DNA sequence: GTAGGGTTAG
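Numbering (this note's numbering), first residue to last: -17 to 606.
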């Protein structure tokens, strides 16, 4: 008896220490002991909550009826938030209602946070809507709940509602809402928020800054993003990562890599998100050696969230499928992204059997693909085809040259065709010289996607191949009028962990050995012609004579990079070239001759896929 | 008590 009494006293001083915690548990499980010598009730609850013994804590709550007060509820809700325990939290909430307890703003905010963390946004919103008095935390918690789960419209609407209320947003609110500022409307609002922030001189706030710069990147506004990044004096891992990944996601991989190098020299620290972004950039550049370096570094550092990093490693190693597969096979845990990355790897290498539907189009197995699609439509696979599957079918039909069929297929689809779908059909019309369908599709595309330069280029090329120079000029004029710029063609080659970059028709020599490269290329052109190379000038862009055309083609960046590789590496060393756009037929041919005559393995990665060329034969089977 | 960056595909 005395011992228990003494122990009870000690609870007041050491409520959290382990032996006492277990004693409380035994008190609660042996009701008799508890009623004989009840320890301080608040301490019992504290101990149970901090031990995460939610079930016991709820029993305690029920037993206390009306005696629950602020501290007790606070403790319980905290424990529920920590454990993301929705059901238990709901019972605490119900208890408040049942006992007619009127929670203050703080506790209601805790309820919003609890429900949000359990992904029960409807319940969270109900709490918010019932609040007569809301503070900045109430609003912000709900806005960020929407933002983090991708409900951008709801986040923006709520933010606007907040502006109409008496509560002023703070830096937490701005940070949260800015991440939902995407799309035309969101971006416009985001710009207004930016000026509001500047007025409030919050512009150096590091969280707000990273959010802002991410918003500008998502809108493709590199200049503004850069400005935000350069302006605040302080930087941290997140803001540095945000700018690197911003460049990488816009496909500006070389710039992303350059920035990573610079920031590293300036003492930036990196974490797994940083490396994931850098790996994306390296993968885009197919920079295998640099990727290997990062891989080794990541292994050494034993970074957390290794799955995410391995996913990017699968992708980067797609230059070599055996490595990719090895990483994939050894993964202790795989996500849907891991599988997708691996499948895409196979499909880009034309290994259709492994890559199923989209692989069929790269592997020239369109009938297999069509069968799979038929099975889907008939419900045999348990997967109902969505627009992307229809996209795959269009893709595989057009790759096989079945342009007319693809056109009819699109017209009969149960979905509104996307610009991407029309785009792949237009590309096929060009390759297969189908002017009737091409003209229709081209003009349709210029209507729905007038910003995209590629469409103008293909349509104008289509007219050019038919010798319809008037129409070529018409499309070009339209392009000028709308101020649409074509992304210039660029190629890279990695030598000794340095990336050498080549541009197609650059007035300023982009590479110091460019003249040397040109001289070698003339030599190659003669040598290859003797071996049977016939320049394929069908993708002609201008109304010029044959000799001129050939000159233009010799200037293609992938030919420059390949030739540079030839003169800068030892005999028989493999050549790895990366192109930012789709490679043209002529360059593909040229690469085949390089591989055959110089006995080189050529790895050419273009915007769509990998070409592994060996002894004049390409892994793509000439479908790409 | 409320906040920012990330992996695949398109």
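C-beta: ideal position from N, C-alpha, C; glycine also. All values reported here derive from a predicted model rather than from experimental measurement.
DSSP places residue 464 outside any beta strand (DSSP E), giving it a letter other than H or E. In the structure shown, the three-state DSSP call for residue 561 is strand. Assigned with DSSP and collapsed to three states, residue 587 falls in strand. For residue 601, no beta strand (DSSP E) segment is defined, and its DSSP state is neither H nor E.
Around the beta carbon of residue 247, fewer than 16 other beta carbons lie within 10 angstroms, which makes this residue exposed. Per DSSP, reduced to three states, the secondary structure at residue 242 is helical. Residue 603 counts as exposed, since fewer than 16 other C-beta atoms from the protein chains shown sit within 10 angstroms of its C-beta. Under the DSSP definition of a beta bridge, residue 594 partners with 585. Counting other Cβ atoms within 10 Å of its Cβ, residue 287 stays below 16 and is therefore classed as exposed. In the structure shown, residue 146 adopts helical secondary structure according to DSSP, grouped into three states. Across the structure, residue 480 and residue 106 are spaced so that their CA atoms are roughly 52 Å apart. Here the alpha carbon of residue 221 sits roughly 28 Å from the alpha carbon of residue 589. Taken atom to atom, the span from the alpha-carbon of residue 447 to that of residue 374 is near 27 Å. The three-state secondary structure of residue 277, taken from DSSP, is helix. With contacts defined as CB atoms closer than 8 Å, residue 444 and residue 405 fail to qualify as a contacting pair. Collapsing the DSSP output to three states places residue 400 in coil. Within the same chain, Cβ atoms closer than 6 Å to the Cβ of residue 293 are found at 319, 320 and 323, the five residues on either side in sequence being excluded. DSSP places residue 389 in the helix class (H, G or I) of the three-state scheme. Bridge pairing for residue 475: 482 and 559 [DSSP].
The three-state reading of DSSP puts residue 410 in helix, counting H, G and I together. The shortest C-alpha to C-alpha distance from residue 53 to any of 115, 31 and 575 is the one to 31. In the structure shown, the three-state DSSP call for residue 35 is coil. In this structure, residue 178 and residue 153 do not form a Cβ contact; the two beta carbons are roughly 12 Å apart against a cut-off of 8 Å. With contacts defined by Cβ atoms closer than 8 Å, residue 95 and residue 110 do not form a contacting pair. Annotation for residue 233: no alpha helix (DSSP H) segment contains it, and DSSP assigns it neither H nor E. Residue 165 and residue 199 have their C-alpha atoms some 12 Å from each other. The three-state secondary structure of residue 191, taken from DSSP, is helix.
Between residue 138 and residue 160, the C-beta gap is not smaller than 8 Å, which leaves the two residues out of contact.
Here residue 586 is not near residue 545, since their CB atoms are 8 Å or more apart. In the three-state reduction of the DSSP assignment, residue 317 falls in the coil class.
Here residue 168 carries a helix assignment [DSSP, helix/strand/coil].
Annotation: the continuous alpha helix (DSSP H) that includes residue 60 extends over 52 to 65.
Considering only 578, 560 and 355, the residue with the shortest C-alpha distance to residue 514 is 578. Cβ atoms of residue 225 and residue 207 come within 8 Å of each other, at about 7 Å.
In this structure, residue 592 lies away from residue 393, with their beta-carbon atoms at least 8 Å apart.
When the alpha-carbon of residue 42 is set against those of 60, 51, 23 and 34, the nearest one is in 23.
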